[in-house]
Amino acid sequence: MKRGAYWILTLISAVLLSGCSEQSSAVRIVIPAGSEEEVVYSEEEISPRNHELKLSYDGEMQGVRVRLLVTECREENAYDEALYLAQGEEEKYDYVEKGAWFRIGVCMQNPTEEEMVLYITAEDVDVRIQ
């Protein structure tokens, strides 16, 4: 009897712990050399697992301005508000459609002769490459 209770408690604990995991993903954004685009978007798409989207930036610059580009959604919402991500700090979009797909863009030009690569970290999202 004790063995059965032990295995039942172990199974319940494993299920509860696996449901609490958050996945953070570093989304890569490449800004081509000589780019004069107003916004450059990631190739990867993210989908929030709940109704908020937490983003952060930990790169060399003091901060970046980011935008979302909707690629797939059910509700018509405006996600055109840009967020400023200060280096090392987290910001969030308070209400986003759970299960919708977005590309992350940075509002930045690159007048140099070398491409720039930035990583924006998104918390609790699924990622796909389009």
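Position 103 of the sequence shown, counting from 1, maps to 97 under our numbering, and the rest follow consecutively. Cβ atoms here follow ideal geometry from the backbone N, Cα and C, with glycine treated the same way. All figures in this text were calculated on a predicted structure; none of them were measured in a lab.
Beta-carbon separation of residue i and residue j under 8 Å?
| i | j | result |
| --- | --- | --- |
| Met55 | Gln81 | yes |
| Val125 | Ser19 | As shown, the chain starts at -5 and ends at 124. That puts residue 125 outside it, with no answer to give. |
| Asp88 | Glu46 | yes |
| Glu84 | Ala27 | no |
| Glu188 | Trp95 | As displayed, the chain neither begins before -5 nor continues past 124, which places residue 188 out of reach and without an answer. |
Tell me, which residues are paired with residue i by DSSP?
| i | result |
| --- | --- |
| Arg61 | Gly99 |
| Val24 | Val111 |
| Pro42 | Val119 |
| Gln81 | Tyr51 |
| Ser29 | Asn104 |
| Lys86 | Lys48 |
| Glu66 | Trp95 |
| Ser19 | Ala116 |
| Tyr35 | Gly99 |
Take residue i as the anchor and find which of the options has the nearest alpha-carbon.
| i | options | result |
| --- | --- | --- |
| Lys48 | Glu30, Cys101, Glu69, Tyr78 | Tyr78 |
| Arg164 | Gln103, Asp74, Ile40 | Since the first residue shown for the chain is -5 and the last is 124, residue 164 is missing from the structure and cannot be characterised. |
| Glu64 | Pro105, Asn104, Thr106, Tyr35 | Looking at the sequence itself, residue 64 is Val, so the reference to Glu does not match. Closest by alpha carbon: Tyr35. |
| Val24 | Asn104, Gly93, Ala76 | Asn104 |
| Gly93 | Asn44, Asp52, Val33 | Asn44 |
| Pro42 | Leu62, Ser29, Glu75, Asp52 | Leu62 |
| Tyr113 | Val33, Val119, Asp52, Gln17 | Asp52 |
Tell me, to the nearest whole angstrom, how far the beta carbon of residue i is from that of residue j; I am working on the premise that it is less than 8 Å.
| i | j | result |
| --- | --- | --- |
| Glu37 | Gln124 | 7 Å |
| Thr115 | Ser50 | 5 Å |
Three CB pairs or more closer than 8 Å across the segment 50 to 64 and the segment 86 to 101:
yes
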